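Novice:
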Amino acid sequence: MKIIENVSLKEHSTMRLGGNARYYCEVKDMFELKEAVEFADSKSIDAIMIGIGSNIIWQDSGYPGLVIVSNIKNYEVNQSLNQVFITVGSGDNWDEVVAKTVESGLSGLEHLSLIPGTAGGTPIQNVGAYGGEISQTLTSLQAYDRELKDFITLSNADCEFGYRTSRFKGKDKGRFFIFSITFSLSKDPPRGPFYASLDSALKKQNITRPTSADIRREVINIRTNKLPDPKQYPNCGSFFANPIIELDQLREIKEDYPKIKYWELPEGNIKVSAAWLIEAIGLKGYVEKNTGMRVWDKQPLILVNDHATTTAQLVAFRDAVVDKIKNKFEITLTQEPEII
Ligand SMILES: Cc1cc2nc3c(=O)[nH]c(=O)nc-3n(C[C@H](O)[C@H](O)[C@H](O)COP(=O)(O)OP(=O)(O)OC[C@H]3O[C@@H](n4cnc5c(N)ncnc54)[C@H](O)[C@@H]3O)c2cc1C
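If you're matching positions, the sequence shown starts at -1 in the numbering used here and goes up one per residue.
What follows is the structure in C-alpha cells.
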C-alpha cells in the first residue's frame, strides 16, 4: 500500500469541488486498512475512509489528515433455509451488488437500485429510497475500530440506525473503518405496499405480484428520468433533508400556500417537501451565474455544480437558498451531504 502526499480531492467527490488531501491511500484488504490507520495514529492526524464521495463535499482548504479509499472487494453467499446471507466488501460498487442479488432471484435490496457509491457508504446515513432502507436487511458489519485498535463486528442494533442517520454519522463519527457488510436477503418475492410512484409504475404495466427484477427495473426507470447522472452533471443527490415542522405552523403556511406538499408523521408532526419549498421560491431549474450552481429542473432538491470552481461558491448559493426559504416560510433547511 502506497501513501501519497497532496492529492486533489476533486475526483473523490461527485460534486467535483475541494482542495487536496494531506495524505491519501487506497486499501484492498483489512490488513492494508489497519496499516493505513496505524500510519495516521503514528502521525497523530485524522483519518477518514471513503467510497467514491457521492455524499461528500470537500472544503477548499482540503483535508489535513489521511484519506483512505476502500478498494476492498468481496461477494460471499451463505444459505440457511429461506434466508440467504451475502457479505460484500466496503469498496464494492453498490449498484453492482444490488444487480447481483436481483439476478440471483433474491429480494431485499432492489428498492435501493442505482444509488451511487460503494457498499461501505450505505450504513453511514442508512441509505434509503422508494420505501427501502439499508437497515431493513443489514445484519452486521465488520470494521476496524480506531478506539479499540482492533477489528470488530457490529450488529444491526449496534449501528443505531435512524432516518438517514446512524451512530457513524453521530457520536462515533470517524471511529469505525468498515471493510465488509452482511445482508440477510429472501428468496420470496418483495412484499407491498410499495412506494406511491413505484406502485403506479407497476400498475401501469398490470404487475400485481412484482419480482425483485420488476422493482429494480422500475426504480431504475424512475431514477434515470428524474435524477442527474453525476458523471455528466456533478452533484451529491438530495442536497437538503425534508424539514419537520409542527401542525400549527403548517396551518399558518396553508393559508397562503394551500398546495404545500407534506406528509403527516405518526407522532403528529409534519414532514414538508423541501423540493416543493425550493420550487415555491421560483428556483426550479435556476442557474446562478456568479456561483456557477444550478437547481436541477426535474428534481429541485438536487443542487448541481454547473460551473462552480470552489466549495465557497456552493456554500454561498446554499446559504442564499436557505435564507430565501427561511424568510418566506420560517423554515430552516438542513444539508444532507457532509462538507468535510
Ligand atoms: C445522483 C445521486 C443520487 C443519490 N440518491 C440517494 C438515495 O436515493 N438515497 C440515499 O440515501 N442516498 C443517495 N445518494 C447519496 C449517496 O449516494 C449515498 O449516501 C452513498 O451511500 C454514499 O456512498 P459513497 O461510497 O459515495 O460514500 P462517500 O460519499 O465516499 O462517503 C460518505 C460517508 O460515508 C463514510 N464512509 C464511506 N465509506 C466508508 C467506509 N468503508 N468505512 C467508514 N466510513 C465510510 C465517509 O467517511 C463519509 O462520511 C445519492 C447521491 C447521488 C450523487
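From the three backbone atoms N, C-alpha and C, an ideal C-beta is built for every residue, glycine too. Keep in mind it's a predicted model, so treat the numbers as computed, not measured.
Let's see if you can read the secondary structure: which residues bound the alpha helix (DSSP H) around asparagine 219?
Specialist: Where asparagine 219 is concerned, the enclosing alpha helix (DSSP H) stretches over 210 to 224.
Novice: Kindly identify the DSSP beta-bridge partner or partners of phenylalanine 163.
Specialist: Position check: residue 163 holds threonine in this sequence, whereas phenylalanine was assumed. DSSP lists Gly160 as partners of threonine 163.
Novice: Under 8 Å by Cβ, that's how I've got alanine 306 and methionine 291 pegged, so tell me the actual separation to the nearest angstrom.
Specialist: About 5 Å separates the two Cβ atoms, so the contact holds.
Novice: CB of asparagine 53 to nearest heavy atom of ligand 1: below 6 Å?
Specialist: Yes, Cβ of asparagine 53 sits closer than 6 Å to a heavy atom of ligand 1.
Novice: Enumerate in chain order the residues of its own chain whose CB-to-CB distance from glycine 60 is below 8 Å, with the five nearest sequence positions on each side excluded.
Specialist: The answer, listed in chain order, is Leu7, Gly16, Gly17, Asn18, Ala19 and Arg20.
Novice: Taking the runs of the alpha helix (DSSP H) that are 4 residues or longer, which of them lie wholly in the segment 68 to 127?
Specialist: 92 to 101, all fully within the segment 68 to 127.
Novice: What do you reckon, are the CB atoms on glutamate 334 and alanine 239 nearer than 7 Å?
Specialist: Yes, the Cβ-Cβ distance between glutamate 334 and alanine 239 is below 7 Å.
Novice: When we look at the beta-carbon of phenylalanine 327 and count the other beta-carbons within 10 Å, is it buried (16 or more) or exposed?
Specialist: Flag for phenylalanine 327 reads buried.
Novice: Going by beta-carbon coordinates alone, are arginine 144 and valine 302 separated by less than 7 Å?
Specialist: Against a cut-off of 7 Å, the Cβ pair of valine 302 and arginine 144 comes out as no contact.
Novice: Which residues mark the beginning and the end of the alpha helix (DSSP H) in which leucine 263 is found?
Specialist: Taken as a continuous stretch (DSSP letters only), leucine 263 belongs to no alpha helix (DSSP H), as it is neither H nor E.
Novice: Leaving aside the five residues before and after valine 320 along the sequence, list all residues of the same chain whose C-beta is less than 6 Å from its C-beta, in chain order.
Specialist: Leu331, listed in sequence order.
Novice: How about proline 114: is its Cβ closer than 6 Å to a heavy atom in ligand 1?
Specialist: Yes; taking the cut-off as 6 Å, the Cβ of proline 114 has a heavy atom of ligand 1 nearer than that.
Novice: What are the residues that DSSP puts in a beta bridge with alanine 141?
Specialist: Ile150 and Ile176, per the DSSP bridge assignment.
Novice: Kindly indicate the opening and closing residues of the alpha helix (DSSP H) around asparagine 325.
Specialist: Run containing asparagine 325: 309 to 327, per the alpha helix (DSSP H) assignment.
Novice: Within 6 Å: the Cβ of isoleucine 276 and any heavy atom of ligand 1?
Specialist: It does not: the Cβ of isoleucine 276 is nowhere closer than 6 Å to a heavy atom of ligand 1.
Novice: Any idea which residues DSSP pairs lysine 269 with across the strands?
Specialist: In the DSSP output, where bridge partners are listed per residue, lysine 269 has Ile242 and Trp261.
Novice: For a quick check, are the C-beta atoms of serine 11 and isoleucine 55 less than 7 Å apart?
Specialist: Yes. Within cutoff.
Novice: First and last residue of the alpha helix (DSSP H) that includes alanine 199?
Specialist: Unbroken alpha helix (DSSP H) run through alanine 199: 194 to 202.
Novice: Do the CB positions of threonine 151 and serine 133 come within less than 7 Å of each other?
Specialist: It is not a contact, given that the beta carbons lie outside the stated cut-off.
Novice: So, using beta-carbon positions, are isoleucine 279 and lysine 252 closer together than 7 Å?
Specialist: It is not a contact, given that the beta carbons lie outside the stated cut-off.
Novice: Have a look at Pro188, Phe177, Asp39 and Asp254 and flag the residue whose alpha-carbon is nearest the alpha-carbon of lysine 147.
Specialist: The residue with the shortest Cα to Cα distance from lysine 147 is Asp39.
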